[in-house]
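Visitor:
In my numbering, the protein residues as written are 41 to 553.
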């Protein structure tokens, strides 16, 4: 699921359009169909990127290359990839990791389904709020360091700067712990380098109250505060003891690295960076001890600075945890709201804003309760890769709710390609002659990847109604499938068929649209 998120973000980044990555993350994760073709299509709709889902061949991919998302076979959930290059019978693609395999091997992994995209014109970019906040915090820290540089030599500034880096890295780890909806490309480079899979393991000390990430945060904040509070006389000794403390942690760091290597079998880049900082600071002890300080002294002033810095670090930790919990709560509420707080007033407002579209429903295929006041029309095609999921969901809904289900087949009006309409015409004719056989055929359609076209004589009346409805679709500017209408009004792009069970519950409670 995480790989789908990064694939979509990497794909969108190619076009440098106006969007907020955090908003895209939340919208993807809030989609009831995530990860699926429908969820990806909803994001492309949200960004106003023109696309067309197709079941196609490798030759088509060679034509589109960089402007397509491909669907890979996966036994557990949908998986997507971006084609990076195709040359010399080799395919390089990205699905969270970069892979280069032969064309034959790629065809075996590929489900033959792709989303072909028309590149948008817009080339703008946007800074999200969390980036602005990061820039502001960085500016404040740099400003404090500049003030610090005026009163101390450059040699003592380096440990303080390293502590700032440690604080930022520790804060990132704390954010991953506190917020399951937080994702960072730096933390999840590929299947082996994944900070979340390391952090979620039970590596907590002092019962469950303080995690290792929080301990790192306390250490670095206390170290930075000690450096900033120290006088010219005590700064040398304070940094000496900080480096000594880092040196004492080396056995623990080796143990944690071994734990990642042999037990978890995943790497956390943030953890490795923090370990590197401790090693760097520990090596400074040798320099301080040999070159600058002859004996270890512990002044009362140094002790008071350390205790005050520790107290300050604990206070900052509490504020940071409160901020991270608030941010995590905001994201959870955002996802919940995007999943649509289903109440009658929202539904009524949405339905009233849409224009009624007449597609000659009386003569369309009709399933379900004919006397229902709720009509759901699905404009689908037998060649649409995820229309099967919609048909399957509609079968489930019609078995539970008293709804009227109209099936409208999409097709080609052009005379040169009318053979593409043969399957739709066959099902239209079969519905008129034998409704129950049609239902069984439609149920088979939801389960099979391929279907055969039986021989059938289609009446002229059936053809006339079918092509008239295609013209109505064209006149109504409905140019893609699947499209879903409820009581003649197009369902918003922010809702999916899986939302119907909630929408129908609300509608049936008042029985008014």
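In this text, a Cβ means the ideal position worked out from N, Cα and C, and glycines have one as well.
In three-state terms, what does DSSP make of residue 94?
Guide: Looking at residue 94 - three-state DSSP - the assignment turns out to be strand.
Visitor: Which whole-angstrom value describes the C-beta separation of residue 91 and residue 157, a residue pair presumed to lie in contact below a C-beta threshold of 8 Å?
Guide: Sure, about 5 Å apart at Cβ, within 8 Å.
Visitor: What do you reckon, are the CB atoms on residue 208 and residue 310 nearer than 7 Å?
Guide: Their beta carbons are not under 7 Å apart, which means residue 208 does not touch residue 310 by this criterion.
Visitor: For residue 46, decide whether its Cβ has a neighbour in chain D, counting only Cβ atoms nearer than 7 Å.
Guide: The question asks about chain D, but that chain is absent: this structure has only one protein chain.
Visitor: So, helix, strand or coil for residue 235, using DSSP?
Guide: Helix, per DSSP.
Visitor: Among all the DSSP beta bridges, which residues are the ones paired with residue 449?
Guide: Answer by DSSP bridge pairing, in chain order: 420.
Visitor: Going by alpha carbons, who is nearest to residue 57 out of 46, 43, 66, 89?
Guide: For the residues 46, 43, 66, 89, the minimum Cα distance to residue 57 belongs to 89.
Visitor: Once the 5 residues before and after residue 452 are set aside, which same chain residues still bring their CB inside 7 Å of it?
Guide: Answer for residue 452: 458, 460, 461, listed in chain order.
Visitor: Taking the Cβ atom as the reference point for each residue, do residue 357 and residue 257 lie within a distance shorter than 7 Å?
Guide: Yes, they are a contact pair.
Visitor: So what does residue 214 bridge to, in DSSP terms?
Guide: Beta-bridge pairing links residue 214 to no other residue.
Visitor: In its own chain, which residues sit with a C-beta less than 7 Å from the C-beta of residue 278, not counting the 5 before and 5 after it?
Guide: Excluding residues within five positions, the ones whose Cβ falls inside 7 Å are 266, 267, 270, 342, 345.
Visitor: If we count the other Cβ atoms within 10 Å of its Cβ and call it buried at 16 or more, is residue 509 buried or exposed?
Guide: That one is buried.
Visitor: Go through its chain and collect everything with a Cβ distance to residue 479's Cβ below 8 Å, but skip five positions before and after it.
Guide: Taken in chain order, the residues that qualify are 407.
Visitor: Please report the residue range of the alpha helix (DSSP H) in which residue 318 lies.
Guide: Looking at the DSSP string, the run of the alpha helix (DSSP H) that includes residue 318 is 309–327.
Visitor: Rounded to the nearest angstrom, what separates residue 51 and residue 69 at their Cα positions?
Guide: Cα-Cα distance, rounded: 17 Å.
Visitor: Sort 516, 302, 79, 153 by Cα distance to residue 424 and report the nearest one.
Guide: The candidate whose alpha carbon is nearest that of residue 424 is 153.
Visitor: State the start and end residues of the unbroken beta strand (DSSP E) segment that holds residue 473.
Guide: No beta strand (DSSP E) holds residue 473; the alpha helix (DSSP H) holding it covers 462–473.
Visitor: Straight-line CA distance for residue 382 to residue 454?
Guide: Note that residue 382 scores 38 on pLDDT, short of 50, meaning its location in the model is unreliable; the coordinates nonetheless yield the value given after this. Going from the Cα of residue 382 to the Cα of residue 454 covers about 42 Å.
Visitor: Here's the rule: buried if 16 or more other CB atoms are within 10 angstroms of the residue's CB, otherwise exposed. What is residue 436?
Guide: By the neighbour-count rule (16 or more Cβ atoms within 10 Å), residue 436 is not buried but exposed.
Visitor: Run the CB neighbour count on residue 97, radius 10 Å, all protein chains shown included, and call it buried at 16 or more, exposed below.
Guide: Exposed.
Visitor: Within 10 angstroms of its Cβ, does residue 53 collect 16 or more other Cβ (buried), or is it exposed?
Guide: Exposed, because fewer than 16 other Cβ atoms sit within 10 Å of the Cβ of residue 53.
Visitor: Would you identify the three-state DSSP class for residue 242, choosing helix, strand or coil?
Guide: Reliability of the predicted coordinates at residue 242 is poor, the pLDDT of 45 falling under 50, and no value is obtained from them.
Visitor: Grab me the residues of residue 528's own chain with a C-beta within less than 6 Å of its C-beta, minus the 5 sequence neighbours each way, in chain order.
Guide: Hits under 6 Å: 396, 397.
Visitor: Can you grab the Cα-Cα spacing for the pair residue 110 / residue 136, in whole Å?
Guide: If I take the Cα positions, the gap works out to 13 Å.
Visitor: Ignore the nearest five residues each way along the sequence and tell me which others in residue 222's own chain have a CB closer than 7 Å to its CB.
Guide: Excluding residues within five positions, the ones whose Cβ falls inside 7 Å are 215, 216.
Visitor: Does the beta-carbon distance from residue 27 to residue 107 come in below 7 Å?
Guide: Nothing can be reported for residue 27, as the shown portion of the chain is limited to 41 through 553.
Visitor: Residues in its own chain within less than 8 Å of residue 67 by CB, not counting five upstream and five downstream?
Guide: 82, 83, 86, 378.
Visitor: In terms of residues, what are the limits of the alpha helix (DSSP H) holding residue 270?
Guide: Unbroken run through residue 270: none, as it is neither H nor E.
Visitor: Can you look up residue 404 in the DSSP assignment and give me helix, strand or coil?
Guide: Reduced to three states, the DSSP call for residue 404 is coil.
Visitor: Rounded to whole angstroms, what is the Cα-Cα separation between residue 505 and residue 403?
Guide: Their Cα atoms are separated by approximately 8 Å.
Visitor: Look up residue 86 in the DSSP assignment and say whether it is helix, strand or coil.
Guide: Helix at residue 86.
Visitor: Specify, as a first and last residue, the run of the beta strand (DSSP E) that residue 523 falls within.
Guide: Taken as a continuous stretch (DSSP letters only), the beta strand (DSSP E) holding residue 523 covers 523–526.
Visitor: My output table needs one value for residue 151: the three-state DSSP class, helix, strand or coil.
Guide: Residue 151: strand per DSSP, three-state reduction.
Visitor: Grouping DSSP H, G and I as helix and E and B as strand, with all else coil, what is residue 486?
Guide: The answer is coil: DSSP assigns residue 486 none of H, G, I, E or B.
Visitor: Hey, how far is the Cα of residue 621 from the Cα of residue 481?
Guide: This structure leaves residue 621 out entirely; the chain is present only between 41 and 553.
Visitor: If distances are taken between C-alpha atoms only, which option among 325, 134, 319, 276 comes closest to residue 578?
Guide: The displayed coordinates of the chain run from 41 to 553. Any statement about residue 578 would go beyond what the structure contains.
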